[in-house]
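Just so you know, the sequences run in chain order U and F.
In short: position in the first sequence from 1, add 2, done, that's our numbering.
In short: position in the second sequence from 1, add 11, done, that's our numbering.
Using N, Cα and C, we set each Cβ at its ideal position, and we do this for glycine too.
None of these values were measured; they are calculated from a predicted model.
For reference, the structure is listed below as structure tokens.
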Amino acid sequence: MEPRPRIGVYICHCGTNVAATVDVEAVTEFAATLPGVVVARHYTYMCSEPGQALIREDARALGLNRVVVASCSPRMHEPTFRAASQEGGVNPYQFEMANIREQCSWVHHDRHEATEKAKALVYAAVMKAIRLEPLEEREAPVTPAALVIGGGVAGMMAALDIAEAGFPVYLVEKSDHLGGRVAELNRTFPDLEPVSEWLPALVDQVQRHPNITVYLNSRVTNITGFVGNFEATVEGAKEPLKVGAIVIATGYDVFDPRRKPEFGYGIYPQVVTTLELEHRLAAGDLTVNGKTPKDVVFIKCVGSRDQQLGRPYCSRVCCMISAKQAQLVRQALPDARVTVFYMDVRTFGKRGEEFYDEARRAGVRYRRGNVSEIYRRGDRVVVRVEDTLLGRTIEHEADLVVLAVGMEPRPEAADIAALLKLPRSADGFFLEAHPKLRPVDTAVDGVFLAGCCQSPKDIPDTIAQAKAAAASALIPLMRGVVPMEAATAIVDPELCAGCGMCVEICPYGAPGLDPLWGVSRVNAVLCKGCGACAVTCPSKAIRLQHFTPDQILAQVEALVGW
Amino acid sequence: MSDNGFEPKIVAFLCNWCTYTGADLAGTSRIQYPPNVRIIRLMCSGSVDPTYVLKALLDGADGVLIGGCHPGDCHYQSGNYKARRRIIALKEILKQAGLDEDRVWLRWISASEGQRFADTVTQMVQYLKEKGPNPMKREWAV
């Protein structure tokens, strides 16, 4: 028979994050009265080493067999406290967490109400903990190879690092060449270095690397499996590619300024985008209608920081691109007047502000203003601007107008998201698992993000993120095993009538009818622990471990009862 | 009659991947909402057994919120569709039995929709305040 529950409950202050709103002492006193609880404590930071030591030492000294921590979200520190419980001799699956920070102290301000809610959450966690069963963690082998989707700078850098660590990499690129958006650039900020001095060498290095297989003109059409054991169907590959980790580096699209028809892009040859100006600067031809421009205007934030267009975010690079191109135009056309109309100048980053100063010293005029429209006057265009410092409208005649277009998610990002069930943020870029702590991870284990598919960024940031994604992808590859879901479904053969409804409903083919006994059995390697079968089973013979009906009903009772 | 001091109790069954994470995001974004909701984390909305909902209602919860991933976004491919079918059937049964099916809300809230989660809870609390306490609460002695 199972030993009686001996539960330790630990209430975390999280500095003042919890304690400022929730009366942690009152919650601790309350927890001490709950059934099965032998010790209840509160501490400043349970996730700190002294906090974890409390759990370990109590577990040993008091013979705990269950641990409850009330603190942040389990999505944050469940692994931490599971490990601490295990070090104290408690099965990590007999640990339960009450989320009294993200779902209590941070969202409510009334101290009394927040404290009562925290008590209810702790009560429910204890009620669940009493019913938790010990589970065994298992491991699955890892296919020692990686898939990188996208052959731009982010994808190439990630592929190179993984390949250099000794693992095969499949690099899939939808166009007919590597290099991505950077291949369309001329020179880069803040050093005005020509891209041609480094990009071809990088492409060459990737193409010649013995561990990298490049698929050009190719797309990923299907992905199945899970961390350590993915199978990707790739156009051009004869059979599905087996990989242990995936890096997504699908990049960005540029905003199409036709969506702001008042700027006349596509109608007036004088109006171009920053990307088109890159091509012209590379070709050394800035003429419009055969004439050398005397007046050049840059307009920033076209398709960025624009609520009406559904593009509320800053694209982060346009200020630097404008400063760069304005300097290059000044060099190419020393007699031309160059004006930048801006909302704000955001030239952050290493050498950013200095670069902006250099542009102004080179004679580029910065003028704060919102451009309302562009129209033709003779063979020039007129830029109508509200000068937001002077508070009046001005008309500025120009021969060349450059729209600093922002970045937006690629439409194909939706397909990749659907293949992998990856969440995207409201702006359509892929959503990282945590904005600070897991910036290259995703909600899907073994899938990592690099570059502008996650959010707009410049080349150094892209490469830093690509190298981070490669390092993260290397963790399962180098370990060779991944922990497997322990909370899988199991069948009670005494109750199973062999109706096969679980077999029908499972998307992973985990349950199957035993040909000899006629009852269902779950293949634990295939089971992902979603619990769909348990709800479907008419005789309740299948249950999802760690989320069993008696555990959940006990939580319900506690939450409604308190 | 909207505010007679009645504070509804809401039990929320949220899927780990979308709505629970969305609720966490409401927290990290410090978006305030009424404390009437108490959350139970499940791996998937498709694992919400109708008996959990009934148990909550019979125990005296004034409302039950089931939160899952948007259609097409389920971490387990199709769990949210299963939830949708089950909840439709459950609401039909509640209605047939003369019970109040509007106390059960199924909503798709993604991991990035912290504001939507907070708004949903706020709306549900307001709705239940106008509706009044749950008459289904089990009052017989066993």
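Boundaries of the beta strand (DSSP E) harbouring Tyr45 of chain U: 39–45, taken from the DSSP string. Exposure of Ser50 of chain U is indicated by the presence of fewer than 16 other C-beta atoms within 10 angstroms of its C-beta. Around the CB of Lys240 of chain U, fewer than 16 other CB atoms lie within 10 Å, so the residue is classed as exposed. Counting only unbroken stretches of 3 or more residues, the beta strand (DSSP E) elements lying wholly within the region 299–350 of chain U are 339–344, in sequence order.
It is roughly 25 Å from the alpha-carbon of Tyr172 of chain U to the alpha-carbon of Tyr510 of chain U. Three or more beta-carbon pairs separated by less than 8 Å are not found between the region 229–247 of chain U and the region 131–140 of chain U, which leaves the two stretches without contact. The beta carbon of Gly79 of chain F sits no closer than 9 Å to any beta carbon of chain U.
For the pair of segments examined, the region 310–320 of chain U was found not to touch the region 206–224 of chain U: the number of CB pairs separated by less than 8 Å stays below three. Boundaries of the alpha helix (DSSP H) harbouring Met158 of chain U: 155–166, taken from the DSSP string. The C-beta separation of Gly253 of chain U from Arg412 of chain U comes to about 6 Å, placing the pair in contact by the 8 Å criterion. Buried is the label assigned to His548 of chain U, since at least 16 other Cβ atoms lie within 10 Å of its Cβ.
By the CB criterion at 9 Å, Ile98 of chain F and Leu117 of chain F fall inside the cutoff. In the DSSP assignment, Trp519 of chain U is bridged to no other residue. Secondary structure remark: continuous beta strand (DSSP E) runs of at least 3 residues inside the region 458–496 of chain U, in chain order: 483–486, 491–493. For Lys119 of chain U, the neighbours in chain F by C-beta distance under 8 Å run, in chain order, Pro46, Arg49. For the pair Leu36 of chain F and Val124 of chain U, the Cα-to-Cα distance works out to about 21 Å. With three or more CB-CB distances shorter than 8 Å, the region 106–118 of chain U counts as touching the region 21–41 of chain U. The criterion of a C-beta distance shorter than 9 Å is satisfied by Ala251 of chain U and Leu451 of chain U.
DSSP places His398 of chain U inside the beta strand (DSSP E), whose first and last residues are 394–400. At a cut-off of 9 Å, the C-beta of Asp84 of chain F has a neighbouring C-beta in chain U.
With its beta carbon less than 9 Å from one in chain U, Gln43 of chain F belongs to the interface. Contacts with chain U at 9 Å (Cβ-Cβ) include Met54 of chain F.
Between Arg97 of chain F and chain U, the shortest Cβ-Cβ separation is below 9 Å. The criterion of a C-beta distance shorter than 9 Å is satisfied by Val136 of chain F and Tyr44 of chain F. Nearest neighbour of Asp516 of chain U by Cα position, chosen from U:Cys529, U:Val527, U:Cys501, U:Val92, turns out to be U:Cys501. A direct Cα-Cα distance of roughly 22 Å separates Gly453 of chain U from Glu278 of chain U. For Ser73 of chain U, the enclosing beta strand (DSSP E) stretches over residues 68–73. By DSSP's assignment, Asp443 of chain U forms a beta bridge with U:Phe450. In terms of Cα proximity to Val385 of chain U, the closest of U:Ala491, U:Ala445, U:Val299 is U:Val299. The C-beta distance from Val331 of chain U to Ala338 of chain U rounds to 7 Å, short enough to fall under 8 Å. Residue pairing for Pro513 of chain U: DSSP places it in a beta bridge opposite U:Val524.
Under the Cβ criterion of 9 Å, Thr32 of chain F is counted among the residues facing chain U. The C-beta distance from Trp28 of chain F to Ala445 of chain U rounds to 6 Å, short enough to fall under 8 Å.
Against chain F, the beta carbon of Lys469 of chain U has no neighbour under 8 Å; the closest one sits roughly 26 Å away. Glu103 of chain F carries a helical assignment under DSSP once its states are collapsed to helix, strand and coil. According to the DSSP assignment, Val128 of chain U belongs to the alpha helix (DSSP H) that extends over 113–133.
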